[in-house]
Ligand code: FES
Ligand code: FES
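Numbering (our numbering), first residue to last: 140 to 296.
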C-alpha cells in the first residue's frame, strides 16, 4: 500500500505492506535508526514516537495506521537552533543514559511537559512510567525533565 505521512515536518510517501511494524519501516526503509527496539512487545517504551503529538509504541503500530498522520521521531526533536530543551537537560543532568531508552524517554518527556505544564515531580514520574530503564534508574531523568520544565516556564514569563 502507499502511505502518505508527515515525518519530522517532511511529507513522505512510502510504498510498503501495511501490516509491517512502524518501528521496522522507520529504521529499515527510512533510515530513522534513532528509534530503538527494546522488548518488541509494547512494554518498555524504547520505540516511542509521537503520532499526532501523542506517544505510541512503534513496535505495536502496523504502518498502515500512520496514513495521514504527523510523526515525530527523535531525529526531529532538535530544532534549527540546536537541541530541544529536554535533550539539553537530559545531557546536562546525566539522564541520557544507555542510548536504547533515551530517545523514547526524550520524546515522552517532551509530550509530558507540553501536556501538563507545571506537573509535579510525582506526576512527571507517572507520565513517564511507560518508559522503562533496565539499568540506571529514573532520578536523573526526572531531574532533567523538571529542569526543562522550569526553564520553559521561566522563558514564558
Ligand atoms: S520495543 Fe516497543 S515498547 Fe519495547
Ligand atoms: S535502559 Fe537506558 S539507561 Fe537504563
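Yeah, the Cβ is synthetic: ideal placement off N, Cα and C, and Gly gets one too. This structure is a prediction, so every number in the text was calculated from the model and none was measured.
A residue is called buried once 16 or more other Cβ atoms fall within 10 Å of its Cβ, and residue 274, having fewer, is exposed.
Burial state of residue 237 is exposed, judged by a 10 Å Cβ sphere holding fewer than 16 other Cβ atoms. Where residue 265 is concerned, there is no enclosing beta strand (DSSP E), although the alpha helix (DSSP H) around it starts and stops at 260-266. Secondary structure note for residue 231: its alpha helix (DSSP H) is the uninterrupted segment 224-231. Nearest Cα to residue 191 within the set 157, 166, 246: 246. Taking 8 Å as the cut-off, the beta carbon of residue 197 is found no closer than this to the beta carbon of residue 229. About 7 Å separates the beta carbons of residue 160 and residue 202, which is inside the 8 Å limit, making them a contact pair. Close CB contacts of residue 286 within its chain, under the 8 Å cut and outside five residues either way in sequence, are with 228, 231, 232 (chain order). For residue 146, the CB stays at least 7 Å from every heavy atom of ligand 2.
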